[in-house]
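Engineer: I have a structure here, written as structure tokens, and I will follow up with some questions on it.
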Amino acid sequence: MSNVHQEPPPGVPGPPGAPAGPGWWPGPQGWTYVPAAPQPGVIPLRPLGLGDILRAVVAVLRQYGKVLYRQLLGVTVGALLVVPAYAFFADAALSGLIQDAQAHPDYTPTGGQVAMLIAVVGGGYLLLFGFALAVQVIATATSTKLVQHAVLGRPVTARRLAAEARPYLWRVCGSFLLLALGIAAVMVVGLLPAAIAGLAGAGPLSLLLLPLAALAAGAGMYAQVRLVLQMPVLILEDARPTAALRRAWQLNEGAWWRSLGIPYLVGLIGSAASQILMAPFFFLGFVLMFAFGGTGADGTWEPGSASLIGLSACLLAGLLVAVVVGAPLAPLTHALLYVDRRIRRESLDVALAQAAGLHPGPAVPPQGRAPAQEQDEEQDEERDEEQAPAREGHGTPADDRPDGEATGPVQA
Numbered sequence: 008m009s010n011v012h013q014e015p016p017p018g019v020p021g022p023p024g025a026p027a028g029p030g031w032w033p034g035p036q037g038w039t040y041v042p043a044a045p046q047p048g049v050i051p052l053r054p055l056g057l058g059d060i061l062r063a064v065v066a067v068l069r070q071y072g073k074v075l076y077r078q079l080l081g082v083t084v085g086a087l088l089v090v091p092a093y094a095f096f097a098d099a100a101l102s103g104l105i106q107d108a109q110a111h112p113d114y115t116p117t118g119g120q121v122a123m124l125i126a127v128v129g130g131g132y133l134l135l136f137g138f139a140l141a142v143q144v145i146a147t148a149t150s151t152k153l154v155q156h157a158v159l160g161r162p163v164t165a166r167r168l169a170a171e172a173r174p175y176l177w178r179v180c181g182s183f184l185l186l187a188l189g190i191a192a193v194m195v196v197g198l199l200p201a202a203i204a205g206l207a208g209a210g211p212l213s214l215l216l217l218p219l220a221a222l223a224a225g226a227g228m229y230a231q232v233r234l235v236l237q238m239p240v241l242i243l244e245d246a247r248p249t250a251a252l253r254r255a256w257q258l259n260e261g262a263w264w265r266s267l268g269i270p271y272l273v274g275l276i277g278s279a280a281s282q283i284l285m286a287p288f289f290f291l292g293f294v295l296m297f298a299f300g301g302t303g304a305d306g307t308w309e310p311g312s313a314s315l316i317g318l319s320a321c322l323l324a325g326l327l328v329a330v331v332v333g334a335p336l337a338p339l340t341h342a343l344l345y346v347d348r349r350i351r352r353e354s355l356d357v358a359l360a361q362a363a364g365l366h367p368g369p370a371v372p373p374q375g376r377a378p379a380q381e382q383d384e385e386q387d388e389e390r391d392e393e394q395a396p397a398r399e400g401h402g403t404p405a406d407d408r409p410d411g412e413a414t415g416p417v418q419a
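The working numbering puts the first residue of the sequence shown at 8, with every later residue one more than the last.
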């Protein structure tokens, strides 16, 4: 019988690797039914597309949002208490400088006032950087561990998630710093020759060295995108930071554009949501500023210390809430990309199906068999009848066993 090769009917989805989904497709022996991939959790167990990852991120936040954000509650409450307190401290420390500057527009601050200003501003930046780093580290560890449960559809409590993520917090923090130092070193190596040439007075030579700086910036960006799987490897494979770098670099080979585009798109969506969350805090801050403002000596309105503190506290609180809400998005996306890469390269979907208790069986078409398949089965039956006398007395062959009897391990 000749092979049947026909175009699929309109609306029938494609085979694996094309549009996802079940349906009839022409194969070498006729029409073949492609079953749907099992989905025990937030993703189908097959190579993931952009839509699959976006839906999975939303599904994780919807199903596990309370468990996930409970891990960040302590940092959020601490920051909301410490930041306004630091604002009052900064106002008290700089009150003399502010009063002198208001009384004399051409006032020149003293050396002590300049040092105090630098110390207060630097302390504020370090405080915010510390809170942002703590939020990012906790969100990365907990979100990545959460994906391990979400892809299998398993429930998890906040206490269990915290216990599973706690051993990786310092390792994640060190990996962040290691990656940042590596990228900074690449940037410095690219910029250093041009900077030295400029300081030496070789203007034209420094301009000629600027492409080297651009090349270094491009190399740093390439390395950062190529290593987006570093944290999932470190946490889900229990790897050390340097080993996680090597493994992530190898695992993400050939997927640079996906690793750039998908997290960027998720980041844009998260940024829009953060702006919406920050708007009420900004509005409240400006209301407090005008409410606690006063009238100056010339009769015009001017903000007072209380109004500036209220505005600053509201702005910082809104910024912190936006950071906390958006912090899990990147780790969730990177963890899903990690699962996708291992499905494509290492058949992780088979292991996940077994872990979820799913056992693949034969593909059964929903509405009868295709004509070509029926003809093939009739030919097989005729061939078996012709060869039956030769097999008498030799037991029942594996192909003639009753339907449903196991003949060996199921091959994925």
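Just so it is clear, CB atoms sit at the ideal spot from N, CA and C, and this is done for glycine as well.
#1: Which complete alpha helix (DSSP H) runs does the region 251–318 hold, if anything under 4 residues is left out?
#2: Under 8 Å Cβ to Cβ from TYR132, same chain only, skipping five residues before and after it: list those, please.
#3: Can you check whether the CB of ILE60 is closer than 9 Å to the CB of THR151?
#4: Quick check: the Cα distance between GLU381 and ARG348, rounded to an integer number of angstroms?
#5: Under a Cβ-count criterion, where at least 16 other Cβ atoms within 10 Å of its own Cβ denotes burial, should ARG161 be classed as buried or exposed?
#6: For THR1, count the other beta carbons within 10 Å of its own beta carbon; 16 or more makes it buried, fewer makes it exposed. Which is it?
#7: What does the alpha-carbon distance come out to for the pair GLY137 and LEU365?
#8: Do GLN282 and ALA334 have their C-beta atoms closer together than 9 Å?
#9: What residues in its chain sit with their C-beta under 6 Å from that of ALA94, if we drop five residues either side in the sequence?
#10: Below 7 Å CB to CB, which residues in the same chain sit around ILE269 once its five sequence neighbours on both sides are set aside?
#11: Which word fits LEU75, buried or exposed, when buried means at least 16 other C-beta atoms lie within 10 angstroms of its C-beta?
#12: Whole angstroms are fine: how far does the CA of LEU322 sit from the CA of ALA223?
#13: Return the Cβ separation of VAL121 and ALA97 in integer angstroms, given the expectation that the two are a contact with Cβ distance under 8 Å.
#14: Under 9 Å, do ILE350 and LEU52 count as touching if we go by C-beta distance?
#15: Do you know offhand how far PHE293's Cα is from ASP113's?
#16: What would DSSP say about THR83, mapped onto helix, strand or coil?
#17: Please list the terminal residues of the continuous alpha helix (DSSP H) segment that includes ASP59.
#18: For TYR175, which three-state DSSP category applies?
#19: Does the beta-carbon of PRO218 have 16 or more other beta-carbons within 10 angstroms, so that it is buried, or is it exposed?
#20: Compute the Euclidean distance between the alpha carbons of GLY21 and LEU291, then round it to the nearest angstrom.
#21: Can you name the start and end residues of the alpha helix (DSSP H) that VAL127 belongs to?
#22: Out of VAL331, ALA146, GLY227, point me to the one whose CA is closest to LEU284's CA.
#23: Would DSSP call THR249 helix, strand or coil?
#24: Confirm, please, whether the CB-CB distance from ALA165 to LYS73 is below 9 Å.
#25: Suppose contacts are defined by Cβ-Cβ distances below 9 Å. Is LEU258 in contact with LEU236 by that definition?
#26: Tell me the rounded alpha-carbon separation between ALA420 and VAL84.
#27: Would VAL67 and VAL82 qualify as a contact pair, given that the criterion is a beta-carbon distance under 9 Å?
#28: If you compare alpha carbons, which of SER354, ALA226, ALA92, ALA362 is closest to LEU55?
#29: Considering only C-alpha positions, which residue in the set ALA337, ALA141, VAL193 is nearest to LEU275?
#30: Ends of the alpha helix (DSSP H) at TYR345?
#31: Comparing C-alpha positions only, which one of GLY103, LEU87, LEU135, LEU199 sits nearest to PHE288?
#32: Buried or exposed, going by whether 16 or more other CB atoms sit within 10 Å of the CB of TYR229?
#33: Between which residues of its own chain and ALA110 is the CB-CB distance below 8 Å, once the five residues before and five after are set aside?
#34: Indicate the three-state DSSP secondary structure (helix, strand or coil) for ILE190 in the structure shown.
#35: Identify the continuous alpha helix (DSSP H) that holds VAL240 and give its terminal residues.
#36: May I ask which residues mark the beginning and end of the alpha helix (DSSP H) holding ARG233?
Structural biologist: Taking the coordinates as given:
#1: Listed in chain order, they are 263–298.
#2: Your numbering for residue 132 matches position 125 in the sequence shown. Excluding positions up to five away in sequence, the list is empty.
#3: For the purposes of this step, residue 151 is taken as residue 144 along the sequence shown, with counting starting at 1. For the purposes of this step, residue 60 is taken as residue 53 along the sequence shown, with counting starting at 1. Cβ atoms of THR151 and ILE60: not closer than 9 Å.
#4: In the sequence shown, counting from the first residue as 1, residue 381 sits at position 374. In the sequence shown, counting from the first residue as 1, residue 348 sits at position 341. In this prediction, GLU381 has a pLDDT of 49, which is less than 50 and means its spatial position is unreliable; nothing more can be read from the coordinates.
#5: Within the sequence shown, residue 161 is the residue found at index 154, counting from 1. With fewer than 16 neighbouring CB atoms inside 10 Å of its own CB, ARG161 falls in the exposed class.
#6: Residue 1 cannot be examined here, being either before or after the span of the chain that is shown, 8 to 419.
#7: Position 130 of the sequence shown, counted from the start, is the residue given in the question as residue 137. Position 358 of the sequence shown, counted from the start, is the residue given in the question as residue 365. Spanning the two alpha carbons is a distance of roughly 44 Å.
#8: Position 275 of the sequence shown, counted from the start, is the residue given in the question as residue 282. Position 327 of the sequence shown, counted from the start, is the residue given in the question as residue 334. Between GLN282 and ALA334, the C-beta spacing is not below 9 Å.
#9: Locating residue 94 in the sequence shown gives position 87, where the first residue counts as 1. Counting only Cβ-Cβ distances below 6 Å, and skipping sequence neighbours, we find ILE316, SER319, ALA320.
#10: Numbered from its first residue, the sequence shown carries residue 269 at position 262. Cβ within range, chain order: LEU57, ILE60, THR340, LEU344.
#11: As a first step, residue 75 must be located in the sequence shown, where it is residue number 68. Buried is the call here.
#12: Walking along the sequence shown from the start, residue 223 turns up at place 216. Walking along the sequence shown from the start, residue 322 turns up at place 315. It is roughly 36 Å from the alpha-carbon of ALA223 to the alpha-carbon of LEU322.
#13: Residue numbering aside, residue 121 sits at position 114 when the sequence shown is read from its first letter. Residue numbering aside, residue 97 sits at position 90 when the sequence shown is read from its first letter. VAL121 to ALA97, Cβ: 15 Å. No contact.
#14: In the sequence shown, counting from the first residue as 1, residue 350 sits at position 343. In the sequence shown, counting from the first residue as 1, residue 52 sits at position 45. Yes, they are a contact pair.
#15: Here residue 293 refers to the residue found at position 286 of the sequence shown. Here residue 113 refers to the residue found at position 106 of the sequence shown. Approximately 28 Å between the Cα atoms of the pair.
#16: For the purposes of this step, residue 83 is taken as residue 76 along the sequence shown, with counting starting at 1. THR83: helix per DSSP, three-state reduction.
#17: The count along the sequence shown starts at 1 and reaches residue 59 at position 52. Its alpha helix (DSSP H) spans residues 57–77.
#18: Locating residue 175 in the sequence shown gives position 168, where the first residue counts as 1. TYR175: helix per DSSP, three-state reduction.
#19: Position 211 of the sequence shown, counting from 1, holds the residue named residue 218. Exposed is the call here.
#20: Mapped onto the sequence shown, residue 21 falls at position 14. Mapped onto the sequence shown, residue 291 falls at position 284. Because GLY21 sits at a pLDDT of 48, beneath the cut-off of 50, its placement in the model cannot be relied upon, and the following sentence gives the value as read from the coordinates. Approximately 53 Å between the Cα atoms of the pair.
#21: In the sequence shown, counting from the first residue as 1, residue 127 sits at position 120. Looking at the DSSP string, the run of the alpha helix (DSSP H) that includes VAL127 is 118–157.
#22: The sequence position of residue 284 within the sequence shown is 277, counting from 1. Minimum Cα distance to LEU284 is reached at VAL331.
#23: Stepping through the sequence shown from its first residue, residue 249 is reached at position 242. Helix at THR249.
#24: The residue labelled residue 73 in the question sits at position 66 within the sequence shown. The residue labelled residue 165 in the question sits at position 158 within the sequence shown. Taking 9 Å as the Cβ cut-off, LYS73 and ALA165 qualify as a contacting pair.
#25: The residue labelled residue 258 in the question sits at position 251 within the sequence shown. The residue labelled residue 236 in the question sits at position 229 within the sequence shown. For the 9 Å CB-CB criterion, LEU258 and LEU236 form a contact.
#26: What is shown of the chain runs 8 to 419, which leaves residue 420 out entirely.
#27: Translated into the one-based positions of the sequence shown, residue 67 becomes position 60. Translated into the one-based positions of the sequence shown, residue 82 becomes position 75. When the beta-carbon positions are compared, VAL67 and VAL82 stay at least 9 Å from each other.
#28: Looking up residue 55 in the sequence shown gives position 48. The candidate whose alpha carbon is nearest that of LEU55 is SER354.
#29: Residue mapping note: residue 275 aligns to position 268 of the sequence shown, counting from 1. The shortest Cα separation from LEU275 among ALA337, ALA141, VAL193 belongs to ALA337.
#30: As a working mapping, residue 345 is identified with position 338 in the sequence shown. Boundaries of the alpha helix (DSSP H) around TYR345: 336–353.
#31: The residue labelled residue 288 in the question sits at position 281 within the sequence shown. For PHE288, the nearest C-alpha among the options comes from LEU87.
#32: Start at 1 with the first residue of the sequence shown, and residue 229 comes out as number 222. Per the 10 Å Cβ criterion, exposed.
#33: Residue mapping note: residue 110 aligns to position 103 of the sequence shown, counting from 1. Hits under 8 Å: none found.
#34: Taking the sequence shown and counting its residues from 1, one reaches residue 190 at position 183. It is helical.
#35: As a position in the sequence shown, residue 240 is number 233, starting the count at 1. In the DSSP assignment, VAL240 falls within the unbroken alpha helix (DSSP H) covering 237–243.
#36: The residue labelled residue 233 in the question sits at position 226 within the sequence shown. Boundaries of the alpha helix (DSSP H) harbouring ARG233: 217–233, taken from the DSSP string.
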